[in-house]
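In the numbering used here, the protein residues as written are 156 to 242.
Quick reminder that beta carbons are idealized off the backbone N, C-alpha and C, glycines included.
Source: prediction; values computed, not measured.
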């Protein structure tokens, strides 16, 4: 997760450790670290070091509102967030 929509342009990244990673799912309990509440971007980096397009999310706020709002410490379907953003 980073502070810019382009992975290479991020000046601040917080690495997410997946609890599930297979052909259909990537899930992680999100670590906001020192990223401030507000806009951030989730990426998936493959074994070759190639990053996906950034999926815009909003950190903090009310997780009940949906719409990409996520809360640190909550198990989150990363692959689904990215796929829903890119569509």
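Quiz item: When the Cα atoms are used, what is the spatial distance from residue 171 to residue 202?
Solution: Mapped onto the chain shown, residue 171 falls at position 16. Mapped onto the chain shown, residue 202 falls at position 47. For residue 171 and residue 202, the distance between alpha carbons rounds to 15 Å.
Quiz prompt | Local Cβ density within 10 Å of residue 193, reported as buried at 16 or more and exposed below that | solution = Counted from its first residue, the chain shown places residue 193 at position 38. By the 10 Å Cβ count, residue 193 comes out exposed.
Practice problem: Pick helix, strand or coil for residue 218, following the three-state DSSP scheme. | Solution: In the chain shown, residue 218 corresponds to position 63, counting from 1. Annotation note: pLDDT 43 at residue 218 (below 50); position unreliable, coordinate value reported separately. DSSP places residue 218 in helix when its eight states are reduced to three.
Quiz prompt | Residue from 158, 162, 156 with nearest C-alpha to residue 205 | solution = Translated into positions along the chain shown, residue 205 becomes position 50. Ranking 158, 162, 156 by Cα distance to residue 205 puts 162 first.
Quiz prompt | Residue environment, residue 200, which counts as buried when at least 16 other CB atoms sit within 10 Å | solution = Within the chain shown, the letter at position 45 stands for residue 200. It counts as exposed.
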